[in-house]
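See below for the structure under consideration.
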Ligand SMILES: [Zn+2]
Ligand SMILES: [Zn+2]
């Protein structure tokens, strides 16, 4: 376990192995390793499979008809807002109750020992969880609903082209396979932008007050950050896809962060793993700020010199770099 300069343990839990990236970018290339990585993303990590199923259920049963959506009216927009809020409550709320209230697995696979902050003036209502819930719903779900309404209304008015699953099954599969690459690239560059001193100080700081994160921290962001962060599904206005793909893309952007910020690497039932959850890569970003802007699907952090592999050496290097930039 890593110890810092004062001899105290930095992490309650950290993975044994160094952080690894998508082998697609290794040279020489190993096709089998690449295929296994990309398939594993969707099959072995069952929450991604759950998101695909959710996408179909939501578009089929929980979305108004195209005829209704030709005109933007308060009633159906409110329904979509309430449906999205419910979905976030179901996922982030359940994870929070299981991991942080009931503490069903104790500190097992928890990155940091500390608990979510209470009586802390940095947070609205002096409470980190209530603060995070406020920003997630008022900012996160509002922007999510806005992008979804924009897409659905454009679809209903036939302003954009679609590629239905029945006619383009391969394209549908290709989108699913490429989501991690699209999102990994988009996230890295918008995240670097958000660390520009002005944007950081006025916008990104809302998310970064959470050094220790929980499920509600995922899209607990300033509205401008949510507008930038949730913009990757705009690609479907340019490249046609099935509408279910857009719903899945929006779920990945908004609901998945409840897992990635849960503070626990795995969700366990006694000794059995139920799901993979947070990744150490992003946890390191919340702790050290100037590293790991992207994710492990595209090694942009390695290529652009912002990678932190979780070791003490990497922390020391980062500190030296900071000191040099200050002096
Ligand atoms: Zn984050
Ligand atoms: Zn950041």
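Residue numbers (my numbering): 6 to 332.
Where is the CB? At the ideal position from N, CA and C, for every residue including glycine.
This structure is a prediction, so every number in the text was calculated from the model and none was measured.
Can you list, in chain order, the residues of its chain with a C-beta nearer than 8 Å to that of residue 8? Leave out the 5 residues immediately preceding and following it. Because the pLDDT at residue 8 is just 49, under 50, the model does not fix this residue reliably, and the point stays unresolved.
Less than 9 Å between the beta carbons of residue 133 and residue 60, yes or no? No, Cβ-Cβ distance for residue 133 and residue 60 is not below 9 Å.
Can you give the Cα-Cα distance for residue 239 and residue 165, rounded to whole angstroms? 11 Å
Counting only runs that start and end within the segment 162-242, where is the alpha helix (DSSP H) found for 4 or more residues in a row? 174-199, 210-213 and 228-234
Rounding to the nearest angstrom, what Cα-Cα distance links residue 281 and residue 271 in this structure? Cα-Cα distance, rounded: 5 Å.
From residue 130 to residue 212, what distance separates their C-alpha atoms? 16 Å
For residue 136, the first and last residue of its enclosing alpha helix (DSSP H): 133-140
Count the other CB atoms within 10 Å of the CB of residue 143; is the residue buried (16 or more) or exposed (fewer)? exposed
Please confirm whether residue 27 and residue 302 have their CB atoms less than 9 Å apart. yes
Span of the alpha helix (DSSP H) holding residue 41? Residue 41: member of the alpha helix (DSSP H) spanning 36-45, first to last residue.
Cα-Cα separation between residue 141 and residue 172, rounded to whole angstroms: Put simply, the backbone Cα of residue 141 is about 37 Å away from that of residue 172.
Rounding to the nearest angstrom, what Cα-Cα distance links residue 62 and residue 323 in this structure? Roughly 45 Å between the two C-alpha positions.
Which term fits residue 87, buried or exposed, when burial requires 16 or more other beta carbons within 10 angstroms of its beta carbon? exposed
Should residue 141 be listed as close to ligand 1, given that the test is whether its C-beta is under 8 Å from any heavy atom? Taking 8 Å as the cut-off, one finds no heavy atom of ligand 1 near enough to the beta carbon of residue 141.
Could you give the DSSP three-state label for residue 121: helix, strand or coil? coil
Using DSSP with H/G/I as helix, E/B as strand and the rest coil, what is residue 27? coil
Look at the alpha carbon of residue 123 and the alpha carbon of residue 216, and state the distance between them as a whole number of angstroms. 14 Å
Relative to the C-alpha of residue 188, which residue among 98, 174 and 234 is closest? 234
Reference residue 108, options 182, 275, 137 and 237, closest by Cα: 275
Buried or exposed, going by whether 16 or more other CB atoms sit within 10 Å of the CB of residue 371? What is shown of the chain runs 6 to 332, which leaves residue 371 out entirely.
How would the residue list near ligand 1 read, in chain order, if you kept each one whose beta-carbon is closer than 6 Å to any heavy atom? 212, 266, 287 and 291
Could you tell me which residues DSSP puts in a beta bridge with residue 274? Beta-bridge annotation (DSSP): residue 274 is paired with 277.
How big is the Cα-Cα spacing for residue 159 and residue 83? 18 Å
For the structure I just gave you, are there three or more beta carbon pairs, one from the segment 179-199 and one from the segment 111-118, closer than 8 Å? no
With the cut-off set at 9 Å, would you say residue 52 and residue 192 are in Cβ contact? Not in contact: residue 52 and residue 192 (Cβ atoms no closer than 9 Å).
Closest Cα partner of residue 290 within the set 214, 279 and 227: Ranking 214, 279 and 227 by Cα distance to residue 290 puts 214 first.
Neighbourhood of residue 261 by C-beta distance below 6 Å, restricted to the same chain and skipping five residues each side: none
Is residue 108 helix, strand or coil when you go by DSSP? coil
Is residue 199 near ligand 2, going by C-beta to nearest heavy atom under 8 Å? yes
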